[in-house]
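Enquirer: Just passing along the structure, written as structure tokens.
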Amino acid sequence: VEDLKMQEAHMMSISPRAQLGERVRLGLGVRIYDHVKVGDDCEIGDFVILGHPTQNAKWAGKTLQIPPGSVIRSHTVLYEGSRFTSSLETGHHVVIREGTEAGDNLRIGNYSDIEGDCTIGDYCRFHGYVHVGKGSRVGHFARLYSLVTLTNDPLPPSHVLQGVSVGDGAVLCVGVTVLPGADLGVGAFICSGSQAKGKIAAGSVVLENRPVFGIHRLRSLEHQIVHPWMNHFKDAYPESAWERLDKLKAEILVSAKAFERSSQPFIKRA
Amino acid sequence: VEDLKMQEAHMMSISPRAQLGERVRLGLGVRIYDHVKVGDDCEIGDFVILGHPTQNAKWAGKTLQIPPGSVIRSHTVLYEGSRFTSSLETGHHVVIREGTEAGDNLRIGNYSDIEGDCTIGDYCRFHGYVHVGKGSRVGHFARLYSLVTLTNDPLPPSHVLQGVSVGDGAVLCVGVTVLPGADLGVGAFICSGSQAKGKIAAGSVVLENRPVFGIHRLRSLEHQIVHPWMNHFKDAYPESAWERLDKLKAEILVSAKAFERSSQPFIKRA
Amino acid sequence: VEDLKMQEAHMMSISPRAQLGERVRLGLGVRIYDHVKVGDDCEIGDFVILGHPTQNAKWAGKTLQIPPGSVIRSHTVLYEGSRFTSSLETGHHVVIREGTEAGDNLRIGNYSDIEGDCTIGDYCRFHGYVHVGKGSRVGHFARLYSLVTLTNDPLPPSHVLQGVSVGDGAVLCVGVTVLPGADLGVGAFICSGSQAKGKIAAGSVVLENRPVFGIHRLRSLEHQIVHPWMNHFKDAYPESAWERLDKLKAEILVSAKAFERSSQPFIKRA
Numbered sequence: 001v002e003d004l005k006m007q008e009a010h011m012m013s014i015s016p017r018a019q020l021g022e023r024v025r026l027g028l029g030v031r032i033y034d035h036v037k038v039g040d041d042c043e044i045g046d047f048v049i050l051g052h053p054t055q056n057a058k059w060a061g062k063t064l065q066i067p068p069g070s071v072i073r074s075h076t077v078l079y080e081g082s083r084f085t086s087s088l089e090t091g092h093h094v095v096i097r098e099g100t101e102a103g104d105n106l107r108i109g110n111y112s113d114i115e116g117d118c119t120i121g122d123y124c125r126f127h128g129y130v131h132v133g134k135g136s137r138v139g140h141f142a143r144l145y146s147l148v149t150l151t152n153d154p155l156p157p158s159h160v161l162q163g164v165s166v167g168d169g170a171v172l173c174v175g176v177t178v179l180p181g182a183d184l185g186v187g188a189f190i191c192s193g194s195q196a197k198g199k200i201a202a203g204s205v206v207l208e209n210r211p212v213f214g215i216h217r218l219r220s221l222e223h224q225i226v227h228p229w230m231n232h233f234k235d236a237y238p239e240s241a242w243e244r245l246d247k248l249k250a251e252i253l254v255s256a257k258a259f260e261r262s263s264q265p266f267i268k269r270a
Numbered sequence: 271v272e273d274l275k276m277q278e279a280h281m282m283s284i285s286p287r288a289q290l291g292e293r294v295r296l297g298l299g300v301r302i303y304d305h306v307k308v309g310d311d312c313e314i315g316d317f318v319i320l321g322h323p324t325q326n327a328k329w330a331g332k333t334l335q336i337p338p339g340s341v342i343r344s345h346t347v348l349y350e351g352s353r354f355t356s357s358l359e360t361g362h363h364v365v366i367r368e369g370t371e372a373g374d375n376l377r378i379g380n381y382s383d384i385e386g387d388c389t390i391g392d393y394c395r396f397h398g399y400v401h402v403g404k405g406s407r408v409g410h411f412a413r414l415y416s417l418v419t420l421t422n423d424p425l426p427p428s429h430v431l432q433g434v435s436v437g438d439g440a441v442l443c444v445g446v447t448v449l450p451g452a453d454l455g456v457g458a459f460i461c462s463g464s465q466a467k468g469k470i471a472a473g474s475v476v477l478e479n480r481p482v483f484g485i486h487r488l489r490s491l492e493h494q495i496v497h498p499w500m501n502h503f504k505d506a507y508p509e510s511a512w513e514r515l516d517k518l519k520a521e522i523l524v525s526a527k528a529f530e531r532s533s534q535p536f537i538k539r540a
Numbered sequence: 541v542e543d544l545k546m547q548e549a550h551m552m553s554i555s556p557r558a559q560l561g562e563r564v565r566l567g568l569g570v571r572i573y574d575h576v577k578v579g580d581d582c583e584i585g586d587f588v589i590l591g592h593p594t595q596n597a598k599w600a601g602k603t604l605q606i607p608p609g610s611v612i613r614s615h616t617v618l619y620e621g622s623r624f625t626s627s628l629e630t631g632h633h634v635v636i637r638e639g640t641e642a643g644d645n646l647r648i649g650n651y652s653d654i655e656g657d658c659t660i661g662d663y664c665r666f667h668g669y670v671h672v673g674k675g676s677r678v679g680h681f682a683r684l685y686s687l688v689t690l691t692n693d694p695l696p697p698s699h700v701l702q703g704v705s706v707g708d709g710a711v712l713c714v715g716v717t718v719l720p721g722a723d724l725g726v727g728a729f730i731c732s733g734s735q736a737k738g739k740i741a742a743g744s745v746v747l748e749n750r751p752v753f754g755i756h757r758l759r760s761l762e763h764q765i766v767h768p769w770m771n772h773f774k775d776a777y778p779e780s781a782w783e784r785l786d787k788l789k790a791e792i793l794v795s796a797k798a799f800e801r802s803s804q805p806f807i808k809r810a
């Protein structure tokens, strides 16, 4: 066993300029470049690359900051010049490029790709194969499910960059594409496979590419749950975030009802 | 050359508790954790991780069983607590999590992600970027093409888990999303880009999100082929499976015709 | 620091039969098999596999040719038996299989998968999660955005292989699926989420699965850009390619107008 541990110790390449905290666990074949700061108690999986150099002059040489308690799973590549304010958790095979500025406790699923030059709020949850284009602005507590794509080029290919904006507490279901420049209001809910474009009212549900009703109509009698999702899913977040979630829920509910009053014609669905 | 081989031998981390069969070939940088049993004649590619620990108490410490003759391609991550009854074949960059119980000869394409706590029958074929959510039940001889997603949360986010069920011999074409709790009958055929929800009749074809006709109408005069696919594609499976395929074909054909008799209104298409 | 460099030098497996040019930089854990030729000044990232063996007899033992100045990013797998005429650039976690014959300066994004037995012209740009099925023929200057899938089986599963054809300068937006045997004309533009099938007229725009108008109607007053994209995006290509782009632009413009004259009924949209 000691021999195996020895081997592991030799199978990586850590720059002497990188700053590693206490009790950082490093997997097999880890590569850490110069401009990297890893907080205490982090777990860095096998075949992970931290601080990958960028050719983008704005971010080259800037530090990649991995906060204490982060878990970076295997085969993940994080570029230099990105910051995360508290515990980051990635799945396997994730890529995050330079200039990503994210808040507390971002969690990203397998094969997701954040293209950089973007801001992401606190407690966001991205599932697998999520693609965040450059210039995106994602609020707090947003949830992006598998295969969600945030685009940015309004007339591809062009040199125009119109990043999207995703409001706090928004839910983007499987396979949603957010078109360039779209502005999704707080608590918007985009149904599976829809495209979201233009301004999407806060608290509205987008079905087949257009807002149709307020999110308080999303409910299941069988399971006794009703949106906003903070009603039944608050406990999936740390208790320290609950007060913020309560406020956000109230705000979304007000918006959802305001949306229904204002929208003409309104498509009624049970 | 001998020197190179020496290097390879040193570039991996194999737990002394793992059980490796005869003639197992190990790639560069392979990591094998404690709770792993690898059968004879397996081929484990470069940068593969076997028996990755899980935090799921139900499966932690349970053995990952890789059957004899399996091929695990590079950059793949298999968690502890999963079983495969005979030769497993994965593409590159695959992830399979804890609690996956699969039958004979499962083949999975590049970048596919099986989230665990699911059952998969014999001789299934998954292409690339396939996502199998927790709680899924997939029958025998099912075929899932690229970007197929099996979901499980009926009102995301929630704590409700409604896995989907995919019948024997079903075909899910490119980009299909199966909605939570959907129950796809034996031999159902879901066309490219469709969503499948609710109960889908055995032997029916789902086009633009609804069942439209029996699968015996899927035919090509030019290529002289007609569904059920066992008519013209049985030879892609081992001869030992042919009798089962013949029975399944007969069952699907009966269901397809029954579907057409029972469905009102019936949408006729050439 | 010297020690670290030593370690790196030992953490790879390079076949003595492989041919490496001058100033080739090799990352951590690189594996290079026998039938590989790497040109001068290439950069091979960490955990990359070059010349992965194939079981396809047509290509087994044939050389993988990586041209001078190529950049192969981390965790990428390139099979033996593929050729690229000038500088290839891949993202992270790319897979390219045997029998891919590509022209100058192909660039492929993260997680893209080229299944081999296909031809790709000069200066093509593929973003992330792009899947190129066997038998595809892609022209010069084609642009495939995220999650584009080129399929090939007209009645899955079958033994029929009907690869698609993508014309020079065509643009396939996010999430486009090209159905088996489709023939996309020069400069065709397929909108996000559409399926493209059959023969698509040169210079036409496909919206919601059918061609609707000529690409010269794709314009933005705000940003003062108008398609063909060579009008405003030529500078993203090397100057040596500009003359070809000018000719292609003229050809596309003629086709776009011809499409509008010939198409009946024509759906007018501002």
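Residue numbers (my numbering), protein chains in the order written: chain D, 1 to 270; chain Z, 271 to 540; chain W, 541 to 810.
Positions of the beta carbon are idealized from the N, C-alpha and C atoms, including for glycine.
Just so we're clear, the structure is a prediction, and the values are computed from it rather than from any experiment.
Below 8 angstroms, can you find three or more Cβ-Cβ pairs linking the segment 606-614 of chain W to the segment 327-344 of chain Z?
Expert: No, because fewer than three Cβ pairs between the segment 606-614 of chain W and the segment 327-344 of chain Z fall closer than 8 angstroms, the two stretches do not touch.
Enquirer: Using a Cβ-Cβ cutoff of less than 8 angstroms, which residues in the same chain neighbour residue 535 of chain Z once the five nearest sequence positions on both sides are dropped?
Expert: Here the question's residue 535 of chain Z lines up with position 265 in the second sequence. At residue 535 of chain Z, the pLDDT of 47 sits below 50, so the modelled position is not reliable and the matter cannot be decided from this model.
Enquirer: State the Cα-Cα distance for the pair residue 210 of chain D and residue 754 of chain W, rounded to the nearest angstrom.
Expert: As a first step, residue 210 of chain D must be located in the first sequence, where it is residue number 210. As a first step, residue 754 of chain W must be located in the third sequence, where it is residue number 214. Residue 210 of chain D and residue 754 of chain W: Cα-Cα distance of roughly 26 angstroms.
Enquirer: Taking three-plus beta-carbon pairs below 8 angstroms as touching, is the segment 646-657 of chain W in contact with the segment 613-631 of chain W?
Expert: Segments in contact, yes.
Enquirer: Tell me which residue opens and which closes the alpha helix (DSSP H) that residue 141 of chain D is part of.
Expert: As a position in the first sequence, residue 141 of chain D is number 141, starting the count at 1. Residue 141 of chain D -> no alpha helix (DSSP H), and no H or E assigned at all.
Enquirer: When you compare the CB positions of residue 559 of chain W and residue 578 of chain W, do they come within less than 8 angstroms of one another, or not?
Expert: Sequence index remark: in the third sequence, residue 559 of chain W carries index 19 (1-based). Sequence index remark: in the third sequence, residue 578 of chain W carries index 38 (1-based). Going by C-beta atoms, residue 559 of chain W is nearer than 8 angstroms to residue 578 of chain W.
Enquirer: With a CB to CB cut of under 8 angstroms and the five nearest residues on each side skipped, what residues in its chain are close to residue 195 of chain D?
Expert: Residue 195 of chain D sits at position 195 when you count from the first residue of the first sequence. The answer, listed in chain order, is 176, 177, 178, 179, 209.
Enquirer: Under 8 angstroms, CB to CB, which of the residues in the segment 647-673 of chain W have a partner in chain Z?
Expert: Answer in chain order: 651, 653, 669, 671.
Enquirer: Pull up the DSSP beta-bridge partners for residue 249 of chain Z, would you.
Expert: With chain Z represented from 271 up to 540, any question about residue 249 of chain Z goes unanswered, as that position is not in the structure.
Enquirer: Does DSSP classify residue 775 of chain W as helix, strand or coil?
Expert: Walking along the third sequence from the start, residue 775 of chain W turns up at place 235. In this structure, residue 775 of chain W counts as helix in the three-state DSSP scheme.
Enquirer: For residue 581 of chain W, does the three-state DSSP call read helix, strand or coil?
Expert: Translated into positions along the third sequence, residue 581 of chain W becomes position 41. If DSSP states are grouped into helix, strand and coil, residue 581 of chain W belongs with coil.
Enquirer: According to DSSP, simplified to helix, strand and coil, what is residue 641 of chain W?
Expert: The sequence position of residue 641 of chain W within the third sequence is 101, counting from 1. The answer is strand: DSSP assigns residue 641 of chain W an E or B state.
Enquirer: Is it true that the segment 300-314 of chain Z meets the segment 364-373 of chain Z, where meeting means three or more beta-carbon pairs spaced less than 8 angstroms apart?
Expert: They do not touch, by the three-pair rule.
Enquirer: In the segment 725-794 of chain W, which residue ranges form an unbroken beta strand (DSSP E) of at least 3 residues, counting only runs that do not cross its ends?
Expert: Here the runs fully enclosed are 744-747, 750-754.
Enquirer: Name, please, each residue of chain D whose Cβ falls closer than 7 angstroms to the Cβ of residue 365 of chain Z.
Expert: Here residue 365 of chain Z corresponds to residue number 95 of the second sequence, with the count starting at 1. Those within 7 angstroms of residue 365 of chain Z in chain D are 92, 110.
Enquirer: Compute the distance between the beta-carbons of residue 647 of chain W and residue 665 of chain W, then report whether it is under 8 angstroms.
Expert: By one-based count along the third sequence, residue 647 of chain W stands at place 107. By one-based count along the third sequence, residue 665 of chain W stands at place 125. Yes, these two residues count as a Cβ contact at 8 angstroms.
Enquirer: Are the C-beta atoms of residue 73 of chain D and some chain W residue less than 8 angstroms apart?
Expert: If you number the first sequence from 1, residue 73 of chain D lands on position 73. No - not a single Cβ of chain W is within 8 angstroms of the one on residue 73 of chain D.
Enquirer: Quick check on this structure: which residue in W:803, W:801, W:767 has the alpha carbon closest to the alpha carbon of residue 788 of chain W?
Expert: If you number the third sequence from 1, residue 788 of chain W lands on position 248. Of the listed residues, the one whose Cα sits closest to residue 788 of chain W is W:767.
Enquirer: Run through chain W and tell me which residues come within less than 9 angstroms of residue 29 of chain D, C-beta to C-beta.
Expert: For this step, residue 29 of chain D is matched to residue 29 along the first sequence. Those are 551, 568, 569, 586, 587, listed as they occur along chain W.
Enquirer: Since I believe residue 173 of chain D is in contact with residue 192 of chain D (beta carbons under 8 angstroms), could you give me their beta-carbon distance rounded to a whole number of angstroms?
Expert: Taking the first sequence and counting its residues from 1, the one referred to as residue 192 of chain D is at position 192. Taking the first sequence and counting its residues from 1, the one referred to as residue 173 of chain D is at position 173. About 4 angstroms separates the two Cβ atoms, so the contact holds.
Enquirer: Quick one: does residue 503 of chain Z have its CB under 8 angstroms from some CB of chain W?
Expert: Counting from one through the second sequence, the residue named residue 503 of chain Z turns up at place 233. Interface residue, yes.
Enquirer: With a Cβ-Cβ cutoff of 8 angstroms, do residue 300 of chain D and residue 365 of chain Z count as a contact?
Expert: Outside the displayed span of chain D (1 to 270) sits residue 300 of chain D, for which this structure offers no information.
Enquirer: How about residue 692 of chain W and residue 638 of chain W: are their beta carbons less than 8 angstroms apart?
Expert: Start at 1 with the first residue of the third sequence, and residue 692 of chain W comes out as number 152. Start at 1 with the first residue of the third sequence, and residue 638 of chain W comes out as number 98. Their beta carbons are not under 8 angstroms apart, which means residue 692 of chain W does not touch residue 638 of chain W by this criterion.
Enquirer: What is the residue span of the beta strand (DSSP E) that residue 348 of chain Z lies within?
Expert: Here residue 348 of chain Z is taken as the residue at index 78 of the second sequence, counted from 1. From DSSP, the beta strand (DSSP E) with residue 348 of chain Z extends over 347-349.
Enquirer: Would you say residue 221 of chain D and residue 200 of chain D are within 8 angstroms of each other, going by their C-beta atoms?
Expert: Numbered from its first residue, the first sequence carries residue 221 of chain D at position 221. Numbered from its first residue, the first sequence carries residue 200 of chain D at position 200. No. Outside cutoff.
Enquirer: Please confirm whether residue 679 of chain W and residue 706 of chain W have their CB atoms less than 8 angstroms apart.
Expert: Residue 679 of chain W sits at position 139 when you count from the first residue of the third sequence. Residue 706 of chain W sits at position 166 when you count from the first residue of the third sequence. Yes; because the gap between Cβ atoms is below 8 angstroms, this pair is in contact.
Enquirer: Could you pull out every residue in the same chain whose Cβ sits closer than 7 angstroms to the Cβ of residue 232 of chain D, ignoring the five residues on either side in sequence?
Expert: As a first step, residue 232 of chain D is located in the first sequence; it is residue number 232 there, counting from the start. So the qualifying residues of the chain are 225.
Enquirer: What residue range does the beta strand (DSSP E) around residue 320 of chain Z cover?
Expert: Within the second sequence, numbered from 1, the residue matching residue 320 of chain Z stands at position 50. Counting along the chain, the beta strand (DSSP E) containing residue 320 of chain Z begins and ends at 319-322.
Enquirer: Which residues in the same chain have their Cβ closer than 7 angstroms to the Cβ of residue 791 of chain W, if we skip the five residues on either side of it in sequence?
Expert: Against the third sequence, residue 791 of chain W aligns to sequence position 251. So the list reads 726, once near-sequence residues are dropped.
Enquirer: Could you check where the beta strand (DSSP E) with residue 659 of chain W kicks off and where it finishes?
Expert: As a working mapping, residue 659 of chain W is identified with position 119 in the third sequence. Residues 658-660.
Enquirer: Taking the straight line between their C-alpha atoms, what separation do you get for residue 431 of chain Z and residue 415 of chain Z?
Expert: On the second sequence, position 161 is the one that residue 431 of chain Z refers to. On the second sequence, position 145 is the one that residue 415 of chain Z refers to. Residue 431 of chain Z and residue 415 of chain Z: Cα-Cα distance of roughly 24 angstroms.
Enquirer: If you measure from the beta carbon of residue 192 of chain D to each beta carbon in chain C, is any gap under 8 angstroms?
Expert: Here the protein chains are D, Z and W, and chain C is not one of them.
Enquirer: Can you confirm whether residue 418 of chain Z, when its beta carbon is compared against all beta carbons of chain D, has any partner nearer than 8 angstroms?
Expert: Numbered from its first residue, the second sequence carries residue 418 of chain Z at position 148. No, because no Cβ of chain D sits closer than 8 angstroms to the Cβ of residue 418 of chain Z.
Enquirer: Using only the alpha-carbon positions, how far apart do residue 281 of chain Z and residue 298 of chain Z sit?
Expert: Walking along the second sequence from the start, residue 281 of chain Z turns up at place 11. Walking along the second sequence from the start, residue 298 of chain Z turns up at place 28. Cα-Cα distance, rounded: 6 angstroms.
Enquirer: Tell whether a beta-carbon distance below 8 angstroms holds between residue 321 of chain Z and residue 343 of chain Z.
Expert: Position 51 of the second sequence holds residue 321 of chain Z. Position 73 of the second sequence holds residue 343 of chain Z. Cβ distance not < 8 angstroms, so residue 321 of chain Z and residue 343 of chain Z don't count as in contact.
Enquirer: Closer than 8 angstroms, CB to CB, is residue 428 of chain Z near chain D or not?
Expert: Indexing the second sequence from 1 puts residue 428 of chain Z at position 158. Chain D contact via Cβ: present.
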